[in-house]
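Accompanying notes for the structure given below.
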Amino acid sequence: MSMLHTINKSPFEKTSFEACLNHVNGDSSILMIEDGVYGAMKGTAFSEKVAATNGVALYILGPDMQARGISEDRLIDGVKVVDYAGFVDLVTEHDKVQAWL
Amino acid sequence: MKLSVLVNEGPYQHQASDSALLFTKAALEKGHEIFRVFFYHDGVNNGTRFTVPPQDDRNLQESWTALQAEHELDLVVCIAAAQRRGILDENEAERQGKDGNNIAPGFRISGLGQLVEAGIESDRLVVFGD
Chain L
1 MSMLHTINKS PFEKTSFEAC LNHVNGDSSI LMIEDGVYGA MKGTAFSEKV
51 AATNGVALYI LGPDMQARGI SEDRLIDGVK VVDYAGFVDL VTEHDKVQAW
101 L
Chain P
1 MKLSVLVNEG PYQHQASDSA LLFTKAALEK GHEIFRVFFY HDGVNNGTRF
51 TVPPQDDRNL QESWTALQAE HELDLVVCIA AAQRRGILDE NEAERQGKDG
101 NNIAPGFRIS GLGQLVEAGI ESDRLVVFGD
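Read top to bottom, the protein sequences are chains L and P. Anchor point for the first sequence: position 4 equals 4 in my numbering, and the numbering is continuous, going up by one each time. Anchor point for the second sequence: position 84 equals 84 in my numbering, and the numbering is continuous, going up by one each time.
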């Protein structure tokens, strides 16, 4: 069963992102929204943990990324940028949606 | 697909209400059905018509009300959460002996069963909150 995990808190503020990473499996995807987008940046103390999620598709909500001044070249390799329409598609393409608040 | 949205945050906490509104708009634009939007916890603060933000600030209540009018959305405010935070409709104001009500147009007050039903009836329940 595929699951979409949404993360809306920075990994430098809350532990919800790390808790999510401990639970995802290969059929899952992670979408970073709101302050969760900070977890998609490379070169941080958290980057290796995110990059180590083998087989888990990583997405970031573009408008929230841009609102925080993060450009695409600062993202961990493989993170895909989606807009709100892409967010809706991710919700419908997965069997379940889990929000890590 | 049939979707429902749960909003657990008011307009002035983080970003959840903005995210929920934009997600709901995008889902409608893609032709999906929004079965219900349920406002719980501080999310009920989206449903008062008495907020007067500055003119150059966004007004989430008005945005939800406009979206409801356009798409006949079912915007439900949790009654227990609403009473704690002073959100009342005409019936509740009378029942509680209060001198007025402040529920915004397009919103209705009901119980948590409406959230359970939304979870059962919808293909997906998408949660926005703190």
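Just so it is clear, CB atoms sit at the ideal spot from N, CA and C, and this is done for glycine as well.
For P/Lys98, no Cβ of chain L is located within less than 9 Å of the residue's own Cβ. In the three-state scheme derived from DSSP, where H, G and I count as helix and E and B as strand, L/Ile7 is classed as strand. As far as DSSP is concerned, P/Arg84 takes part in no beta bridge.
Relative to the Cα of P/Trp64, the nearest Cα in the group P/Gly97, P/Ala81, P/Arg49 belongs to P/Arg49.
Residue ranges of uninterrupted alpha helix (DSSP H) with 4 or more members, entirely inside the region 23-87 of chain L and ordered along the chain, are 47-51, 62-67. DSSP places L/Ser16 inside the alpha helix (DSSP H), whose first and last residues are 16-21. In this structure, the beta-carbon distance from P/Ala118 to P/Gly47 does not fall below 9 Å. Among the bridge pairs identified by DSSP, P/Phe128 is matched with P/Val7. Straight through space, the alpha carbons of P/Ala20 and P/Val116 are spaced by roughly 19 Å. Residue range 113-121 is occupied by the alpha helix (DSSP H) that includes P/Gln114. Linking P/Ala81 to L/Asp77 through their CA atoms gives a straight-line distance of about 43 Å.
Straight across, the Cα-Cα distance linking L/Glu48 with L/Phe17 is about 13 Å. Identification of residues in the region 71-92 of chain L having a C-beta nearer than 7 Å to some C-beta of chain P yields Tyr84, Ala85, Phe87, Val88, Val91, Thr92, given in sequence order. With a threshold of 9 Å between beta carbons, P/Asn8 makes contact with chain L.
Only Ile33, Glu34, Asp35 from the region 17-45 of chain L bring a Cβ to less than 9 Å from some Cβ of chain P. For P/Lys25, the secondary structure class from DSSP, reduced to helix, strand or coil, is helix.
Between P/Leu6 and P/Leu125, the gap from beta carbon to beta carbon is short of 9 Å. If you compare the alpha carbons of L/Ser28, L/Met41, L/Thr6 with that of L/Ser71, the shortest gap goes to L/Met41.
Within the region 67-95 of chain P, not one residue has a Cβ closer than 7 Å to any Cβ of chain L.
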